[in-house]
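Note sheet for the following structure.
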Amino acid sequence: MAGIISLGVYVPIYRLHRDEIGKMWGGRSAGGTKAVAGYDEDTVTMAVAAALDCLKKGGSGVDGLYLATTTAPYREKLSAAIVASAADLKEECHAADFTDSLRAGTAAIKAAFDAVTAGSAKKVMVVASDTRLGAAKGALEQTLGDGAAALVIGSEKVIAELEGSYSILNDFTDFWRTEEDKFPRSAEGRFIDEVGYLPAMQAAITGLLKKYKLNLGDFAKIVYYASDARQHAALARRLKLDKAQVQDPLYNDIGNTGVAAAFLMLSAALEKAKPGDRILFVSYGDGADAFILRATDEIKKIQKKSVISAQLAGKTAISYGQYLTWRGLVPLEASTLPERAPLSLQSRWRERKAIAALYGAKCKKCGAPQISQIGQTPRVCVNCQAKDEFEPYKFSDKRATLFSYAIDQLQPTLNPPGVNGVIDFEGGGRMICELTDCDVDKVKVGMLLEMTFRKMFFSRGIHNYFWKAKPVID
């Protein structure tokens, strides 16, 4: 039977306290914090991080990747292709974007299950990632957070089987955003709840239970999307759910992460599920999708390593000013430094493996790996001097230690000062790169690092991504 075979999540380390927002505008605070993507992160970089986490936990060998988001960086370009390339998936991989709906994630899950069940794919990865913005002083500014989650659908070594699904369609306008809108718009709250959200979710859940002759008491955990904690609690009351059944929506810690929200809740539920536990999984957006998942004995294997709790524990508080700056919500003084040279699409294509998945070369004679400056293919081994005896070697999945570093107060960055380091990879190879997600006062020679796919700059309408190093958080 088809089901989930691997999980991966990514929650940014940065948190904005809602008290900061309330204090700034002289209003009330909803309490808690929301997760904020770093200055060099976006929907794609978070999707890559979640996908790589998923692959490390047993999701290798996928032949399809579906990216679900409402905040893709391009209006006309396949974002799933960027994620697949950074994850170093095979070129024969089928990739697709599912967009423009908060239900895009479960739509992608349904498509992935159908593909695996039909035999057109053996394993399909579904990645949900969102970086929605709320307008200043509005409720969504405090509510919306950033995050990503990934899961692989397959039919072997399944950790949670899909026992059934049910969907309803409802062309209801509650939250929407046009091509010109930076922030989502919304209808009146009570109208959304009483006419849209609550009836749709209740209809999907009762329809699923009737179809498969089950009742709510048959489920160990019930995971469902809601726009905020108040709406989440309202559905629990309407359905008369046992508090022990209701999965923590994580709103107090990371906020409403849009398309990724239900995925992150599901990851938290599966992290503690026991074999045989049934999970009711429901998502909302112009209707609702409901799924019955049943944990298998394989669930114990993924629970040996934390799925989400470790990432929720690692937090760095930021100011409201940093948040506005990182999200481009306030104009900044123009840099006095010379403008960056235009991006070469031709060079980028030639060096796509080095840029997307951080490939270098490994000597066939002595086995020494080395990574050269982009655009320069090594010909002579630095260790044994063998000539033209190289094979491709990936560095993005290797850990490294910091050999030396420099702190640059003048480096143009939205999170000064800039930190640049010389890093030595485990197994060999040395590279100069930027460090990110680090406390400048705690940077030290010998610290353990891992590579992370990040946004470098924006030029001629093109988002340029590459790899940086960040401290390891186990």
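Numbering (this note's numbering), first residue to last: -11 to 462. Ideal placement from N, C-alpha and C gives every residue a C-beta, glycine not left out. From a predicted model like this one, the values you see are computed outputs, not experimental measurements.
*Just confirm the distance between the C-beta atoms of ILE395 and VAL370, as a whole number of angstroms; I'd bet it's less than 8 angstroms.*
Actually they do not touch by this definition, with Cβ atoms about 28 angstroms apart.
*What number of angstroms, rounded off, separates the C-alpha of GLY(-4) from the C-alpha of TRP337?*
29 angstroms
*Since PRO187 is in the alpha helix (DSSP H), which residue starts that stretch and which ends it?*
186 to 199
*Run through DSSP, which three-state label would SER335 get?*
helix
*In angstroms, rounded to a whole number, what distance separates the CA positions of ALA69 and ILE450?*
14 angstroms
*For LYS386, name the three-state secondary structure that DSSP assigns.*
coil
*Exposed or buried, TRP164, counting other C-beta atoms within 10 Å across all chains shown (16 or more means buried)?*
exposed
*Within 10 angstroms of its Cβ, does LYS125 collect 16 or more other Cβ (buried), or is it exposed?*
exposed
_Spatially closest choice to LYS78 from ARG91, SER48 and LYS65, by CA coordinates_ = SER48
*DSSP on PHE86, reduced to helix/strand/coil?*
strand
*Option nearest ASP425 by Cα separation, candidates PRO405, GLU176 and ASN240*: PRO405
*DSSP bridge partner residues for GLN130 (one or two, in chain order)*: Note: GLN130 sits in no beta bridge, so no partner.
*Contact belief for MET435 with THR389 at Cβ below 8 angstroms, rounded distance in angstroms*: 7 angstroms
*asked:* Among the candidates GLY93, SER360, ARG387 and GLY355, whose CA atom is the shortest distance from the CA of ALA477?
replied: Summary: the structure shown does not reach residue 477, with the chain confined to residues -11 through 462, and so no result is reported for it.
*Could you check the C-alpha separation between PHE101 and VAL368 for me, to the nearest Å?*
48 angstroms
*asked:* Is the beta carbon of GLU151 closer than 8 angstroms to that of ILE280?
replied: yes
*Ends of the beta strand (DSSP E) at GLU149?*
148 to 157
*Given a cut-off of 8 angstroms, decide if TRP455 and SER392 are closer than it, judged by their beta-carbon atoms.*
no
*Is DSSP giving ALA394 helix, strand or coil here?*
strand
_CB of PHE86 within 8 angstroms of CB of TYR62, strictly_ = no
*At a cut of 8 angstroms, does the region 91 to 98 reach the region 34 to 53 through at least three beta carbon pairs?*
no
*Around the C-beta of SER(-6), are 16 or more other C-beta atoms found within 10 angstroms, so that it is buried, or is it exposed?*
buried
*Quick one: what's got a C-beta closer than 6 angstroms to LYS513's C-beta in the same chain, skipping five residues either side?*
Because the chain is modelled from -11 through 462, residue 513 falls outside the range shown and cannot be assessed.
*Look up LEU436 in the DSSP assignment and say whether it is helix, strand or coil.*
strand
*Identity of the residues DSSP links to VAL(-3) by a beta bridge*: ALA137
*When we look at the beta-carbon of GLN397 and count the other beta-carbons within 10 Å, is it buried (16 or more) or exposed?*
exposed
*What is the C-beta distance between VAL71 and VAL104, in whole angstroms, given that I count them as a contact (C-beta under 8 angstroms)?*
Incorrect: roughly 19 angstroms between the Cβ atoms, too far for contact.
*Closest by CA to GLY(-9), which one among ALA148, GLY133 and GLY46?*
ALA148
*VAL211, buried or exposed, once every other Cβ within 10 Å from all chains shown has been counted against 16*: buried
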